[in-house]
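With numbering that gives the first Met the number 0, letter number 251 in the sequence shown gets 250, and the count goes up by one each step, no holes.
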Amino acid sequence: MPWRTPRNALFHKLRTPGSRTGFLKAASVCALIAGLLSPLTQQAAAAEPTAARAVAAADHCGGQCSDILPPGQNGNATLVQILLNQAFGTQPDHAEDQLGPYANLATSYSALTDAKINTFFNDASFGVPADQVASTEKPAGRTDVTIVRDKKTGVPHITGTTRYGTEFGAGYAAAQDRLWLMDVFRHVGRGQLTSFAGGAAANQGLEQQFYRNAPYTEADLQAQIDNTVTHNGDRGRQALADVNAYIDGINAYIDASDSGRYFPGEYVLTGHKDSITNAGTIEHFKVTDLVALASVIGSLFGAGGGGEVDNALSLIAAQSKYGVQEGTRLWESFRERNDPEAVLTVHNGESFPYGAKPADPKGAALPDAGSVTEEPLLHDRTGSAATASAAGASATAAKNALGSARRGMSNALVVSGAHTASGHPIAVFGPQTGYFAPQLLMLQEIQGPGISARGASFAGLSMYVELGRGQDYAWSATTSGQDIIDTYAVELCQDDYHYLYRGTCTAMEKVEQKNAWKPTVADGTAAGSYTMRVWRTKYGPVAYRATVDGKKVAYTTLRSSYLHEVDSIIGFQMLNDPDHLKGPEDFQAAAQHINYTFNWFYADSRHTAYYNSGSNPVRASGVDAEFPVWAQPAYEWRGWDPASNTADYTPPAEHPRSVDQDYYISWNNKQAKDYAAAPWGEGSVHRGNLLDDRVKKLVQAGGVTRASLVKAMADAGLADLRAEDVLPDLLKVINSSAVTDSTAAAAVSKLQAWVSAGAKRTETSAGSKQYANADAVRILDAWWPLLVKAQFEPGLGSDLFTAFTANLPVDEAPSAGHGPTGPHAGSSFQYGWWSYVDKDIRAVLGEPVQGPLAQKYCGGGSLGSCRDVLIGTLKQAAGLTAAQVYPGDEQCSAGDQWCADSIVQRTLGGIKHGKISWQNRPTYQQVVEFTSHR
């Protein structure tokens, strides 16, 4: 997941106001429980299981569709359940029953067979067998919808006889499973989290990160709804009707849980409800709340681009050191816009030009050296908002919001039926959305008029299945990251809050959100407050101030999906509609209606397909999207209407797309030839190679099965990318002469043994919490940052090396707290200097390199000198203790290597879960092989 949220973002330790930090004492817990048992719990109020089988729609998967979503379906917990969890570790039903199977695949995949897949996944067939029905409910007494939950996972299977009833049931079930989380994120989307959930530094950082990207007013949120309905005909009107019915279901559950007193206990712990009198209010949801939710998800996972100011700063540093011509050439070699060695999703040679460097760049507005300052977001800080920890959280939030497109995660492996044992396509795919408790996504099955699907949806947006399967097809997505965000330099006039807009001095619009908080049981942070203030222009919110050729400017960020996050609802509606979606072309047509930057994958019993979605703006001739440009008509997006933030977009035929390629892989890598993506680091070594190498071998051998494709995914998910794809060449340089130093020789021996064993970060045995080849793993973790610095800084110089590290972090090992995902997040090896190291080392070895760096850096290009650099830094790394390499954090003691890598379900509510061993794997994942077609 893409933002760095410390585990205690909302609930880490329950606190008593005004007292020392710590868990509530067990005796207090018992007393509280005794006083609270009288209200009905949701489970007690639920209907008894019935012998009737849940109605199943046409299902062409033949029992060969599976899915998994840890930690568990149930993301709501009463106050009693939270207190029991905090004191004794007990779990509510279905709160973590998918966590064990998910975790166990890492140590069991080597012996996997098709018959054993559902040991580690759920059966994702439609319906529920009669003997597996746990409960049957008619929400709010309605006769047109039934919610059946299964015994194994508690997933809701919603069946409606009317469209309204179906969506009402979807909303009701969503609130049953994620009400607190939905409430949290509607406040995040409005920049109101601290006032709602407490002023913890992490909460401050979270709301600040999103408010910078989407500082919307209530009128902006409503305008998105109106626009979607107006411009999408019958589907737009149906979407609004669906949303209204969905909200009615949410609110019906709020009323029922409030009167029955089985609402989420977090409302008591944060001071919104009284546990004794039941005083207080859980606010009903409204349509604009869902827009606020969508704005968070869209900016988090589906908005590629940005970082133009950082790009400009590193270009200036390169030109300052080497001159304009040579500095630009060097910069371009590190940027790797279209690296010929990059792994591709569409690998058949087809070209989809986008974002290329123009032959004659025009309109660039590069800042004067030393003039750039970040636009302050916070004003009038008081109390705990003025502390050092709060300032640190704000700095991190600003970096995440303003940095280049380090969004991503998610992977896909899809193989055509021409290469499978059955002759039917097979897909193993899903999104990496991070690990949270409760999880951001939730599972469901929805069957009703015009809707037939099972899968995952973001909580609060589950009126449709967003990633999942239909009657005879399945689909999923990975973040693509192509550039839909540009930075404009608006020339200031009159004062710092007026700018020239098409020749007229125009006032900026001030948008503010004032937040204040006080201590609660959940968050003992002392009282504090601040005002978040954003200045908006026609060209988007102001992000930086600078001068350009001596003129004062504000740098603004304009995103094509800004004010349009809701538009994508039409595409999701189409994906759920069996009457619309009958083949790969219909799938691609649906994906075209999604303006988030995603790679979409599809499989049915006969075909596979791929489509890259997103509103790619058509830029003016000569504009280089890598850098800020002047806010002038000549450099605006073609057809741009500032009132609606609409423009001309590249047509579907120019988006990477394909049907029935031999196989597809994606791990947020480059989409296709000549399609320049926003993130740095798409070069010769990318984590996509880990999938591509394995799937290519399977396809070449033929006879691919579901088990073999899952094994390929799982094997790649334990691989250390640096060790598998870069370390062999590093060792080749070191071993070009005999290694006589005993410390270096011992380290080389350990590293070589690890490479020979497969270069995995895996336990010695299930549950051992000790890595095989632990010393080698420690050495490489310590060595990588040392060798990168020693390899490149002497040639680049400190200023340019530092500037490039702002564009692309050096490393993203599982234990790295400095990477864009933060520690304990699972997703790893997406962003780092592995391609640079690989290309440079191969060049020094005299091996052919396509798209080489502008110079040879290691040892100044001398093999002997390079070897000395590598051995010197290797000896330094080998001498570092485990406690130095893994210094410990709030989760782990210093020196605990396994724990440093481990995955933590970061608490967004009151229930906590145990750590699991590291895997680099989708959070929600499907395994599908359809046997027939309508």
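No residue lacks a Cβ here, since even glycine has one placed at the ideal position from N, Cα and C.
Which residues does DSSP list as the beta-bridge partners of residue i?
{"i": "G159", "result": "V144"}
{"i": "F945", "result": "Any property of residue 945 remains undetermined from this structure, which presents the chain solely from 0 to 933."}
{"i": "R558", "result": "I484"}
{"i": "E444", "result": "H156 and R453"}
{"i": "Q883", "result": "BP columns for Q883 are empty, so no partner."}
{"i": "V622", "result": "The partner list for V622 (beta bridge, DSSP) is empty, contrary to what the question assumes."}
{"i": "D471", "result": "None, per the DSSP bridge assignment."}
From this set, the options, which residue's C-alpha is nearest residue i's C-alpha?
{"i": "A387", "options": "Y353, L795, E136 and A199", "result": "A199"}
{"i": "A173", "options": "D241, N73, N919 and A201", "result": "N73"}
{"i": "Y1018", "options": "D728, A756, S931 and A743", "result": "Not covered by the structure: residue 1018. The range shown for the chain is 0 to 933."}
{"i": "P366", "options": "V552, A392, T503 and S475", "result": "V552"}
{"i": "L205", "options": "A392, P357 and W636", "result": "A392"}
{"i": "A213", "options": "E136, A238, Q512 and T193", "result": "Q512"}
{"i": "A363", "options": "I870, W679, A899 and A624", "result": "A624"}
{"i": "T906", "options": "A201, V147, S109 and L104", "result": "A201"}
{"i": "K320", "options": "S901, Q896, S797 and W833", "result": "S797"}
{"i": "T505", "options": "W753, W534, G863 and S294", "result": "W534"}
{"i": "S707", "options": "S109, W474 and G348", "result": "S109"}
{"i": "W832", "options": "A812, P847 and V843", "result": "A812"}
{"i": "G304", "options": "V868, F597, Y634 and D691", "result": "F597"}
{"i": "H606", "options": "Y634, T106 and I425", "result": "I425"}
{"i": "C60", "options": "G702, R468 and D900", "result": "R468"}
{"i": "L292", "options": "S274, R328, E217 and D233", "result": "E217"}
{"i": "Q883", "options": "Y830, S814, F828 and P650", "result": "S814"}
{"i": "A713", "options": "L111, V541 and T77", "result": "L111"}
{"i": "T546", "options": "A521, D495 and G539", "result": "D495"}
{"i": "R334", "options": "G850, A722 and F119", "result": "G850"}
{"i": "G752", "options": "S736, G190, D774 and D740", "result": "According to the sequence displayed, residue 752 carries Ala and not Gly. The residue with the shortest Cα to Cα distance from A752 is D774."}
{"i": "R260", "options": "G909, G279 and V242", "result": "G279"}
{"i": "A652", "options": "E584, V628, A711 and R234", "result": "E584"}
{"i": "G270", "options": "L299, S194 and D143", "result": "S194"}
Which residues in the same chain as residue i place their Cβ atom closer than 6 Å to its Cβ, once the five residues preceding and following it in sequence are excluded?
{"i": "G71", "result": "H93, A94, E95, D96 and Q97"}
{"i": "L314", "result": "W330"}
{"i": "Y674", "result": "F351, Y353 and P655"}
{"i": "A877", "result": "T742, A746 and I778"}
{"i": "Q924", "result": "I67 and G429"}
{"i": "R380", "result": "Y529"}
{"i": "A542", "result": "E374, L401, Y554 and T556"}
{"i": "K768", "result": "W897"}
{"i": "A244", "result": "Y163, E166 and F167"}
If you drop the 5 nearest sequence neighbours on each side, which residues of the same chain put their C-beta closer than 8 Å to that of residue i?
{"i": "V747", "result": "L730, I733, N734, V738 and L873"}
{"i": "M312", "result": "The residue asked about is misnamed: residue 312 is Leu in this sequence, not Met. Around L312: P366, V371, A802 and A805."}
{"i": "D661", "result": "V414, S415, A417, H418 and V698"}
{"i": "Q470", "result": "A56, A57, D58, H59, F125, S451, P577 and R933"}
{"i": "P784", "result": "V809 and D810"}
Can you list, in chain order, the residues of its chain whose CB lies under 7 Å from that of residue i, leaving out five sequence neighbours each side?
{"i": "G716", "result": "Q918, N919 and R920"}
{"i": "W782", "result": "T872, L873 and A876"}
{"i": "R501", "result": "P632"}
Taking only runs that begin and end inside the segment 251-328, name each unbroken alpha helix (DSSP H) of 4 or more residues, in chain order.
Within the segment 251-328, the complete alpha helix (DSSP H) runs of at least 4 residues are 265-268, 286-300 and 307-321.
Using 8 Å as the cut-off, can you tell me whether the segment 839-858 makes contact with the segment 791-799, which would need three or more C-beta pairs spanning the two stretches below that distance?
With three or more CB-CB distances shorter than 8 Å, the segment 839-858 counts as touching the segment 791-799.
Quick check on the DSSP output: what are the complete beta strand (DSSP E) runs of length 3 or more inside the segment 55-127, in order along the chain?
As far as the segment 55-127 is concerned, its whole beta strand (DSSP E) runs of at least 3 residues are 64-67.
Curious, which full-length alpha helix (DSSP H) runs of at least 4 residues does the segment 690-752 contain?
Here the runs fully enclosed are 705-715, 720-724 and 726-733.
What alpha helix (DSSP H) runs, 4 residues minimum, are completely inside the segment 645-676?
Taking only runs of at least 4 residues, no alpha helix (DSSP H) segment lies wholly in the segment 645-676.
Determine contact between the segment 167-186 and the segment 249-256, defined as no fewer than three beta-carbon pairs at a distance below 8 Å.
Touching, yes.
With contact counted as at least three CB pairs below 8 Å, one residue from each stretch, are the segment 414-424 and the segment 153-160 in contact?
Touching, no.
For the segment 782-861, which segments carrying the alpha helix (DSSP H) assignment without a break, of at least 4 residues, lie completely within its bounds, in sequence order?
Fully enclosed alpha helix (DSSP H) runs of 4 or longer: 797-806 and 833-843.
Inspect the CB distances between the segment 561-578 and the segment 643-651 and report whether three or more fall short of 8 Å.
Cβ pair count under 8 Å is three or more, so yes.
The segment 564-582 / the segment 220-231 touching (three or more Cβ pairs under 8 Å)
Touching, yes.
Return the chain-ordered ranges of every alpha helix (DSSP H) run that is complete within the segment 476-555 and spans a minimum of 4 residues.
Qualifying alpha helix (DSSP H) stretches: none in this window.
Does the count of Cβ pairs from the segment 756-770 and the segment 883-891 closer than 8 Å reach three?
No, because fewer than three Cβ pairs between the segment 756-770 and the segment 883-891 fall closer than 8 Å, the two stretches do not touch.
I'd like the ranges of any alpha helix (DSSP H) spanning at least 4 consecutive residues and lying wholly in the segment 204-235.
Taken in chain order, the whole alpha helix (DSSP H) runs of length 4 or more contained in the segment 204-235 are 217-230.
Should the segment 665-685 be regarded as contacting the segment 631-640, the criterion being three or more beta carbon pairs within less than 8 Å?
In short, these stretches do not touch, since the Cβ pair count stays below three.
With three or more beta-carbon pairs closer than 8 Å as the criterion, would you say the segment 133-145 touches the segment 113-120?
The segment 133-145 is not in contact with the segment 113-120.
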